[in-house]
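Before any comments, here is the structure.
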Amino acid sequence: MTGIAMPKPDGDVLARRAEIVRALRALVPGEGVIDAEVEMRAYETDALTAYRQLPLVVVLPETVEQVAAVLRYCHENEVKVVPRGAGTSLSGGALPVGDGVLLSMMKFNQVLDIDPDNRAVVVQPGVTNLGITRAVEHLGFYYAPDPSSQIACSIGGNIAENSGGVHCLKYGLTTNNVLGLEMVLVTGEVIRLGGKHLDSEGYDLLALMTGSEGLLGVVTEVTVRILQKPETARAALIGFPTSEDGGQCVADIIGAGIIPGGMEMMDELAINAAEDFVDAGYPREAGALLIVELDGPEAEVDHLLGEVEAIARRNKATSLRVSTSEEERLTFWAGRKAAFPAVGRISPDYLCMDGTIPRKALPDVLTRMRALGEKHGLRCANVFHAGDGNLHPLILYDANQPGQLEAAEAFGADILTLCVEFGGVLTGEHGVGIEKRDLMPEMFTEDDLKQQQRVKCAFDPKQLLNPGKVFPVLHRCAELGRMHVHKGQLPFPDIPRF
Amino acid sequence: MPDTFKPRTAEETRDAVQWASAEVQPLEVVGTGSKRALGRPVQAGHVLDLSALSGIELYEPAELVLTALAGTPLAEIEAALEAHDQELAFDPIDYGPLLGRPAGEGTVGGLVACNLAGSKRLKHGAARDHILGIEAVSGRGEIFKSGGRVVKNVTGYDLPRALTGSWGTLAVATKITLKVQPRAQTEATFVLTGPAGAEATAAMTAAMGSSAEVSAAAHLPAGIAARLADDGHPLADGPATLLRLEGFGPSVDYRFEALKTLLGGRGGVVRVDGDASRALWRAVRDVRPFVGADTLVWRVSVAPTAGATFLADLAETVAHEAYCDWSGGLVWVSIAGADPCANAVRDSVARVGGGHATLIRAPAPVRTSVPVFQPQAEPLAALSARLKAQFDPHGVLNPGRMGS
């Protein structure tokens, strides 16, 4: 891909490679250290596959002690470390650096404790998101955040990205469902945050770790809360003439005090791509399709579905189907869940963007996005989490056509800037990574970014963890510490005092 | 006589903090001062009073979002929400009466600084789970913002949450954006009379593990239940286990019946509806049973099933009165006399699997001499200190509040 530069590898570290590999082998025995190029190829990219970079060496520790020893060694010897879970990051968050260790946590794959009485599960970070639900579903429980990649992504990665999913409007994001962590600081010190109790003490470092994109520490154990499965879940499939009508329906549902378990929208291009792919019975003629899922006791779900229907009719719904069986409900979702691969069939390539906007801005943002598409000469299919304003525009392009990749990237940057302009944010769930790193100044001032980097300095003063990600300009911690001092100035006369 | 700064804007707040930082003149940050008696007494010669930074700046009911300046009274926010049938779902505790002050004095800044929550913490989380964005002034006197006004946002570190519960020691919040929620149309409380101790815990565990969607679960032993009954709440004088149900009318009825099937065999069942239910939960939330006494009060957070075992363990060494909220996970402990028995309380917490204990009500000299907040293990304490040093290198924001 173009445009996004990674930090220049440190020649001194590259020259010490043999020595570093030897030292790491002493810390992680057997096959836990991989330095052959052909084997390291498996790690050269994450799910943002346009970027590739071989790491200096790959390390797969099996114990907390090994993680601590590797980090301590790297810290003492100024070697960078990129932590990695399943490598499904869509923003390049797990992209290796050429002069750094790639620390894979995938051998940490055990469910350690299932505690239904406290509605908590303790797992190692390499367990997949769906793996947690699988471990507790026989007890009638589930883990609520469910990113689309839940079959593959690891809970450690979910914490790094504060992952969401279709349920998060009602049930919250990763940050609302994590109770505790054990983690290793870059110095090799092991700390524990929270536990099975509901609130953690002291500064809310759990909040800082969740969504920190691997820049603050390496998670070695996770305690999550689990929820009792709702008695029933039913979905309504509602077609609208335009996305604007669908957007208004979403606002009216929430205005009526209804918080659905999931509320997803697709535009015409996405509807047809999905229908071609999975034959879900979507209304092809609709300009927008809304899936509203209600869950809870049957009496409640029936009651609310009636209200949702009435609201949809008032908003010019052209078609409306309510699932009558679990099988039908899953079919409704199948199209939505397959939207990305479905769009992949109608275009040689696509870029998946991820921005969030206030819901009410949806009609205006969609209009402006169409204009941007014309400007860049590319089509865009829209799939979004309508309940919470999280957009996933899929920009269609053909990498074999000269200039199209650049146009797609420019289109994507324009869309994210547009999100910020309307009071939204650059990323709702995929993370900043390398992909949106250089757009950070669109949303934050220099002072805003300085505070963010001060967090980094408290955790990782040498800035060795996952460098090149999230921040467009790296300030050295000492440099950030300087302060403009007004020594001798009088207390401010303008401020009222008593 | 300490100087009090009363800024009217974020810029004036910054100017005051810049001066304090340059001159190394510590500030006590307050709104209305309603929670001044919480935490360790602050050692500062000056006061930064945010009460003039007040007003709701944005409230969009259909977007479920509200932005207010830090000094905005919570009462004003709650009234605005109520007019649209919305609420702060985390049901923040009002510490006023417990601390010997009037009810309803708090501000949104205090809500965030102390990460308040109420009985509905169990289902809906605390203030930290509902904050979306923040504008603040760091201890270096720099205005910054973080987060936004949308629910899904992973752009940069989550500073809004990190500042929530930091007791004003990292930065001074000047503006706060919160997620709000529709208020339940109806509510009812399922009261199970009879079971106590481990049996009550088992009842709450069964209810929370069912699909009845209980939003709060508390257990009151006989003496405490009697005290609330004396206050006019519809409780008998024996032990009472309370389960709160909220939602649409037919759903609440259905779930009430489901709980009856599940728990009816374990004791008597009483139904408390509507306003009486709300008032009962307000009393539980605001620690009404211990209001007006001169005992020392601890707030103990443990795993929900550990609440009852914690109390049994503590009873071996310390005479106390107590009740549980959060299905057993939050224990309010009242100890008579001048000694808060900090080590005994914390040793019991450790013996039942860990958690933390905070000394909520005690005279200032006691809160100065005993660690009010749970002491942390060395590497974690050092990390917290580094974070404080990054945001407030001269230690001018609420020094001493969280630790000596």
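Chains as they are written, first to last, in the working numbering: chain A, 1 to 498; chain B, 1001 to 1404.
Cβ atoms here follow ideal geometry from the backbone N, Cα and C, with glycine treated the same way.
Go to residue i, then tell me how far its beta strand (DSSP E) extends in each direction, as first and last residue.
i: B:Tyr-1254; result: First-last for B:Tyr-1254: 1249 to 1263, but that is the alpha helix (DSSP H), not the beta strand (DSSP E).
i: A:Ser-149; result: That residue, A:Ser-149, is in no beta strand (DSSP E); it is neither H nor E in DSSP.
i: A:Glu-81; result: A small correction: the amino acid at residue 81 of chain A is Val; Glu does not occupy that position in the sequence shown. 80 to 84 is the extent of the beta strand (DSSP E) around A:Val-81.
i: A:Ser-32; result: In the sequence under discussion, the amino acid at residue 32 of chain A is Gly, which differs from the Ser named in the question. Careful: A:Gly-32 lies outside any beta strand (DSSP E) and carries neither H nor E.
i: B:Phe-1190; result: 1186 to 1193
i: A:Phe-411; result: First-last for A:Phe-411: 404 to 421, but that is the alpha helix (DSSP H), not the beta strand (DSSP E).
Are the C-beta atoms of residue i and some chain B residue less than 7 angstroms apart?
i: A:Pro-145; result: no
i: A:Lys-170; result: no
i: A:Gly-194; result: no
i: A:Leu-95; result: no
i: A:Leu-416; result: no
i: A:Ala-251; result: yes
i: A:Gln-451; result: yes
i: A:Ser-212; result: yes
i: A:Asn-118; result: yes
i: A:Gln-404; result: no
i: A:Glu-201; result: yes
i: A:Thr-133; result: no
Below 8 angstroms CB to CB, which residues in the same chain sit around residue i once its five sequence neighbours on both sides are set aside?
i: A:Glu-264; result: Val-166, Leu-290, Ile-291, Arg-336, Val-383, Phe-384, His-385, Ala-386, Gly-387
i: B:Gly-1194; result: Gly-1238, Pro-1239, Arg-1266, Gly-1267, Gly-1268
Any C-beta of chain A sitting closer than 7 angstroms to the C-beta of residue i?
i: B:Gly-1274; result: no
i: B:Pro-1041; result: no
i: B:Val-1287; result: no
i: B:Val-1150; result: yes
i: B:Lys-1145; result: yes
i: B:Pro-1399; result: no
i: B:Phe-1256; result: no
i: B:His-1356; result: yes
i: B:Thr-1205; result: yes
i: B:Ser-1054; result: no
i: B:Trp-1281; result: no
i: B:Asp-1129; result: yes
i: B:Pro-1182; result: yes
i: B:Arg-1351; result: no
i: B:Ala-1016; result: yes
How would you write the range of the alpha helix (DSSP H) that residue i sits in, first residue to last?
i: B:Ile-1077; result: 1074 to 1082
i: A:Tyr-171; result: 168 to 171
i: B:His-1356; result: It is not in any alpha helix (DSSP H) - B:His-1356 instead sits in the beta strand (DSSP E) that spans 1355 to 1361.
i: B:Arg-1386; result: 1378 to 1391
i: B:Thr-1144; result: In the sequence on display, residue 1144 of chain B carries Phe and not Thr. Counting along the chain, B:Phe-1144 falls outside any alpha helix (DSSP H), though it belongs to the beta strand (DSSP E) covering 1143 to 1147.
i: B:Leu-1122; result: 1121 to 1124
i: A:Lys-462; result: Neither: A:Lys-462 is in no alpha helix (DSSP H) and is coded neither H nor E.
Expressed to the nearest angstrom, what Euclidean distance is found between the alpha-carbon atoms of residue i and residue j?
i: A:Thr-133; j: A:Phe-141; result: 7 angstroms
i: B:Lys-1006; j: B:Leu-1048; result: 6 angstroms
i: B:His-1320; j: B:Glu-1199; result: 20 angstroms
i: B:Gly-1428; j: B:Leu-1330; result: There is simply no residue 1428 of chain B to check, as chain B begins at 1001 and stops at 1404 in what is shown.
i: A:Gly-180; j: B:Ala-1070; result: 29 angstroms
i: A:Ala-59; j: A:Asn-177; result: Checking the displayed sequence, the identity of residue 59 of chain A turns out to be Val instead of Ala. Each residue's alpha carbon lies about 29 angstroms from the other.
i: B:Ala-1136; j: B:Gly-1147; result: 11 angstroms
i: B:Gly-1376; j: B:Met-1402; result: With the sequence shown as reference, residue 1376 of chain B is identified as Gln, and Gly is not the correct amino acid for it. Rounded to the nearest angstrom, the two C-alpha atoms are 12 angstroms apart.
i: B:Asp-1158; j: A:Thr-367; result: 31 angstroms
i: A:Leu-391; j: A:Cys-352; result: 10 angstroms
i: A:Thr-139; j: A:Ala-458; result: According to the sequence shown, residue 139 of chain A is Leu rather than Thr. C-alpha separation (whole angstroms): 41 angstroms.
i: A:Asp-494; j: B:Ala-1068; result: 23 angstroms
i: A:Gly-488; j: B:Ala-1016; result: Per-residue confidence for A:Gly-488 stands at a pLDDT of 49, beneath the threshold of 50, marking its modelled position as unreliable; no derived number is given.
Who are the Cβ neighbours of residue i in its own chain at under 7 angstroms, not counting the five residues just before and after it?
i: B:Arg-1036; result: Val-1030
i: A:Ile-114; result: Val-121, Ala-135, Val-136
i: A:Arg-322; result: Reading off the sequence shown, one finds Val at residue 322 of chain A, where the question assumed Arg. Hits under 7 angstroms: Arg-234, Ala-236, Leu-305.
i: B:Asp-1204; result: The sequence shown places Met at residue 1204 of chain B, rather than the Asp named in the question. Ala-1217, His-1219, Thr-1241, Ser-1327, Gly-1328, listed in sequence order.
Please return the same chain residues whose Cβ sits closer than 6 angstroms to the Cβ of residue i, not counting the five positions on each side in sequence.
i: B:Leu-1116; result: Pro-1092, Ile-1093, Ala-1127
i: A:Arg-192; result: Glu-182
Can you list the alpha helix (DSSP H) stretches of 4 or more residues lying completely in the segment 1013 to 1055 of chain B, in chain order? Secondary structure within the segment 1013 to 1055 of chain B: not one fully enclosed alpha helix (DSSP H) run of 4 or more consecutive residues is present.
Within the segment 1303 to 1348 of chain B, note down every full alpha helix (DSSP H) run reaching 4 residues or more, in order along the chain. Along the length of the segment 1303 to 1348 of chain B, whole alpha helix (DSSP H) runs at least 4 residues long occupy 1306 to 1315, reported in chain order.
Sequence ranges, alpha helix (DSSP H) only - wholly within the segment 343 to 396 of chain A, length at least 4: With a minimum length of 4 residues, the continuous alpha helix (DSSP H) runs that stay inside the segment 343 to 396 of chain A are 362 to 376.
What are the uninterrupted segments assigned as beta strand (DSSP E) that are 3 or more residues long and contained completely in the segment 175 to 232 of chain A, given in chain order? Listed in chain order, they are 178 to 184, 190 to 194, 218 to 225.
At 3 residues or longer, and completely inside the segment 219 to 294 of chain A: list those beta strand (DSSP E) runs for me, N to C. Unbroken beta strand (DSSP E) runs of no fewer than 3 residues, entirely contained in the segment 219 to 294 of chain A, are found at 232 to 240, 262 to 267, following chain order.
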